[in-house]
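In my numbering, the protein residues as written are 241 to 336.
Even for Gly, the Cβ is constructed at its ideal location relative to N, Cα and C.
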Amino acid sequence: MTKQNQNETVTGPLAEGQRWSAARKREVVLRLLRGESVDALSRELSIEIYRLEQWREKALAGIDESLKKRQNDPVQTELNQAMRRIGELTMENELL
């Protein structure tokens, strides 16, 4: 299996039995987000409208989720370290 070019343009339906790769789905979703008609894409790609809408909703949910996460938040890291240290000290204190 070969790796697909990320800049590949999605045109036409897949052959029977083929699966849509994440890269091809992403390209279709980007076309939807740019304002292309879901009806036109459905006809062009031979994909049911409900499936195109599912892909779009999943993509938007993924975007929302990724924007909510704070990666390497220094305050959260410091808090986690402090909580761990408190737990260690509590256990030491109980042993005394």
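Rounded to the nearest angstrom, how far is the Cβ of residue i from that of residue j, given a contact under 8 Å?
i, j, result
"leucine 281", "leucine 272", "7 Å"
Please confirm whether residue i and residue j have their CB atoms less than 8 Å apart.
i, j, result
"glutamine 315", "tryptophan 295", "Residue identity check: residue 315 is valine in the sequence provided, not glutamine. In this structure, tryptophan 295 does not lie closer than 8 Å to valine 315 by Cβ."
"valine 278", "leucine 292", "yes"
Between the alpha carbons of residue i and residue j, how many angstroms are there, rounded?
i, j, result
"alanine 255", "isoleucine 287", "12 Å"
"glutamate 334", "glycine 327", "11 Å"
"threonine 317", "glutamate 276", "43 Å"
"lysine 308", "lysine 265", "23 Å"
"arginine 259", "arginine 283", "18 Å"
"glutamate 297", "asparagine 312", "27 Å"
"threonine 330", "glutamine 321", "14 Å"
"glutamate 305", "serine 261", "22 Å"
"glutamate 332", "methionine 323", "14 Å"
"arginine 274", "isoleucine 303", "15 Å"
"glutamate 267", "leucine 319", "41 Å"
"leucine 336", "alanine 263", "60 Å"
Between which two residues does the alpha helix (DSSP H) containing residue i stretch?
i, result
"aspartate 304", "289-308"
"aspartate 279", "278-285"
"alanine 225", "Outside the modelled stretch of the chain, which goes from 241 to 336, sits residue 225, for which no answer is possible."
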